[in-house]
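Per UniProt numbering, the very first residue in the sequence shown carries number 1; after that it's consecutive. Cβ coordinates follow ideal geometry from the N, Cα and C atoms, glycine included. Data block below; observations after.
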Amino acid sequence: MANVEKISVSMTPQQADLLRDAVKSGAYASSSEVIREAMRDWSAKWETRKGDIQRLRTLWSEGKASGTAIPADFDDALEEARQEAKSTASHAR
Numbered sequence: 001m002a003n004v005e006k007i008s009v010s011m012t013p014q015q016a017d018l019l020r021d022a023v024k025s026g027a028y029a030s031s032s033e034v035i036r037e038a039m040r041d042w043s044a045k046w047e048t049r050k051g052d053i054q055r056l057r058t059l060w061s062e063g064k065a066s067g068t069a070i071p072a073d074f075d076d077a078l079e080e081a082r083q084e085a086k087s088t089a090s091h092a093r
């Protein structure tokens, strides 16, 4: 690991205990290894969240651009979806 940056991180006593326990158990070679894995996990979660936010923004924009909203009855929409699913299932056989 030639290219690393050393930083200082503050954490609660409970978090520090968990970190030390992970190393002491042999699951990790060092506290840095624990933090690097945590950062990889967080990074993946963060990228997913950013994608979700972008998808919501896109859907919001598409909804606004689709025109004026009209009232809809949820029960009617649900029944229509059920009928469509039934029709699709019967055509697939």
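(1) Measuring only the C-alpha atoms, how far is residue 12 from residue 45?
(2) Tell me which residue opens and which closes the alpha helix (DSSP H) that residue 51 is part of.
(3) Can you tell me the Cα-Cα spacing of residue 73 and residue 29, whole angstroms?
(4) To the nearest angstrom, report how far apart residue 22 and residue 5 are at their CA atoms.
(5) Could you work out which residue in 92, 70 and 31 is closest to residue 7 when comparing CA atoms only?
According to the data block:
(1) Residue numbering aside, residue 12 sits at position 12 when the sequence shown is read from its first letter. Residue numbering aside, residue 45 sits at position 45 when the sequence shown is read from its first letter. C-alpha separation (whole angstroms): 22 Å.
(2) For the purposes of this step, residue 51 is taken as the residue at position 51 of the sequence shown. 31 to 65 is the extent of the alpha helix (DSSP H) around residue 51.
(3) Translated into positions along the sequence shown, residue 73 becomes position 73. Translated into positions along the sequence shown, residue 29 becomes position 29. The alpha-carbon atoms of residue 73 and residue 29 are separated by roughly 59 Å.
(4) One-based indexing of the sequence shown puts residue 22 at position 22. One-based indexing of the sequence shown puts residue 5 at position 5. Between residue 22 and residue 5, the C-alpha separation is close to 22 Å.
(5) For the purposes of this step, residue 7 is taken as the residue at position 7 of the sequence shown. Residue 31 is the option with its Cα nearest to residue 7.
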